[in-house]
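Chemist: Numbering (UniProt numbering), first residue to last: 1 to 147.
A virtual CB, placed ideally from N, CA and C, is assigned to each residue, including glycine.
Quick one: the structure is below, questions incoming.
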Amino acid sequence: MSTSVHAHSATPESLTESTDCHTAHFATRWLRPSTAVITAHGEVDAANAQQFVDYALGHAAHTDRLVLDLTGVEFFGTAGFSALHSVNVRCAGEKIEWALAPSSAVTRLLRICDPDSALPICTSVDAALSAVQGEPRRLLQLVSKAR
């Protein structure tokens, strides 16, 4: 596994760090102390999906809002979908608002693996940032209320 982390000295509002992992590159930008944007480039597959989960959740532990920028992902395997599911479960459990902006490769797989759009998918990083800073998502009501 070739993993390296580079943290650059900067103010908390612009702190960035990055990791190279097999055929992917992950980076984090802190927009405010409570908002992290994690960007992935390259390929997310069985060789690095767990590292992506570890990277994302490691940063989620320090934030109230998380955006996954997957617009630079060229290949996205089913292990990548499992990674997104893990992020979704952890963020829901810890009440972290999160959203993702997919590339066309990610969108293709999500059409198959997430046909009901259970994951918080946005059309762009700006839309994802707006989504996590807005009202909390409403939970799906599985049982109707008595009248």
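1) So the candidates are His62, Phe75 and Ile38; which of them puts its Cα closest to the Cα of histidine 22?
2) Which first and last residues belong to the alpha helix (DSSP H) in which leucine 100 is found?
3) When you compare only the Cα positions, how much space is there between alanine 79 and aspartate 45?
4) Compute the distance between the beta-carbons of histidine 41 and glycine 72, then report whether it is under 9 Å.
5) According to DSSP, is leucine 110 helix, strand or coil?
6) Alpha carbons only, please: which of Ser103, Glu97 and Arg111 is nearest the one belonging to leucine 129?
7) Assign isoleucine 121 to one of two classes, buried (16 or more other C-beta atoms within 10 Å of its C-beta) or exposed (fewer than that).
8) What residues match up with arginine 65 in a beta bridge as DSSP calls it?
9) Could you give the distance in angstroms between the alpha-carbon of valine 105 and the alpha-carbon of arginine 111?
10) Starting from histidine 59, trace the alpha helix (DSSP H) in both directions and tell me its first and last residue.
11) With 16 as the cutoff for other CB atoms within 10 Å, does threonine 123 come out buried or exposed?
12) I need the DSSP call for glycine 80, collapsed to helix, strand or coil.
13) From the DSSP output, which residues share a beta bridge with glutamate 43?
14) Helix or strand or just coil, what does DSSP make of alanine 131?
15) Starting from the C-beta of histidine 25, find all residues in its chain whose C-beta is less than 6 Å away, skip the five residues before and the five after it, and write them out in chain order.
Modeler: Considering the structure as presented:
1) Indexing the sequence shown from 1 puts residue 22 at position 22. Ranking the options by Cα distance to histidine 22, first place goes to Phe75.
2) Taking the first residue of the sequence shown as position 1, residue 100 is located at position 100. Note, leucine 100: premise wrong, no alpha helix (DSSP H); beta strand (DSSP E) at 97-102.
3) Taking the sequence shown and counting its residues from 1, one reaches residue 79 at position 79. Taking the sequence shown and counting its residues from 1, one reaches residue 45 at position 45. Alanine 79 and aspartate 45: Cα-Cα distance of roughly 5 Å.
4) Reading the sequence shown from its first residue, position 41 is the one you call residue 41. Reading the sequence shown from its first residue, position 72 is the one you call residue 72. Here histidine 41 is near glycine 72, since their CB atoms are less than 9 Å apart.
5) Taking the sequence shown and counting its residues from 1, one reaches residue 110 at position 110. In this structure, DSSP gives leucine 110 a helical state, which the three-state scheme calls helix.
6) For the purposes of this step, residue 129 is identified with residue 129 of the sequence shown, where counting begins at 1. The residue with the shortest Cα to Cα distance from leucine 129 is Glu97.
7) Counted from its first residue, the sequence shown places residue 121 at position 121. When all chains shown are included, isoleucine 121 counts as buried.
8) Indexing the sequence shown from 1 puts residue 65 at position 65. Arginine 65 pairs with Thr35 and Glu97.
9) By one-based count along the sequence shown, residue 105 stands at place 105. By one-based count along the sequence shown, residue 111 stands at place 111. Just to set this straight, residue 105 is alanine in the shown sequence, not valine. In a straight line, the C-alpha of alanine 105 is about 10 Å away from that of arginine 111.
10) Start at 1 with the first residue of the sequence shown, and residue 59 comes out as number 59. 49-60 is the extent of the alpha helix (DSSP H) around histidine 59.
11) Locating residue 123 in the sequence shown gives position 123, where the first residue counts as 1. It counts as exposed.
12) Numbered from 1 along the sequence shown, position 80 holds the residue referred to as residue 80. If DSSP states are grouped into helix, strand and coil, glycine 80 belongs with the helices.
13) Translated into the one-based positions of the sequence shown, residue 43 becomes position 43. Paired residues: Phe75.
14) Counting from 1 along the sequence shown, the entry for residue 131 is found at position 131. Alanine 131: helix per DSSP, three-state reduction.
15) Residue 25 sits at position 25 when you count from the first residue of the sequence shown. Taken in chain order, the residues that qualify are His41 and Gly42.
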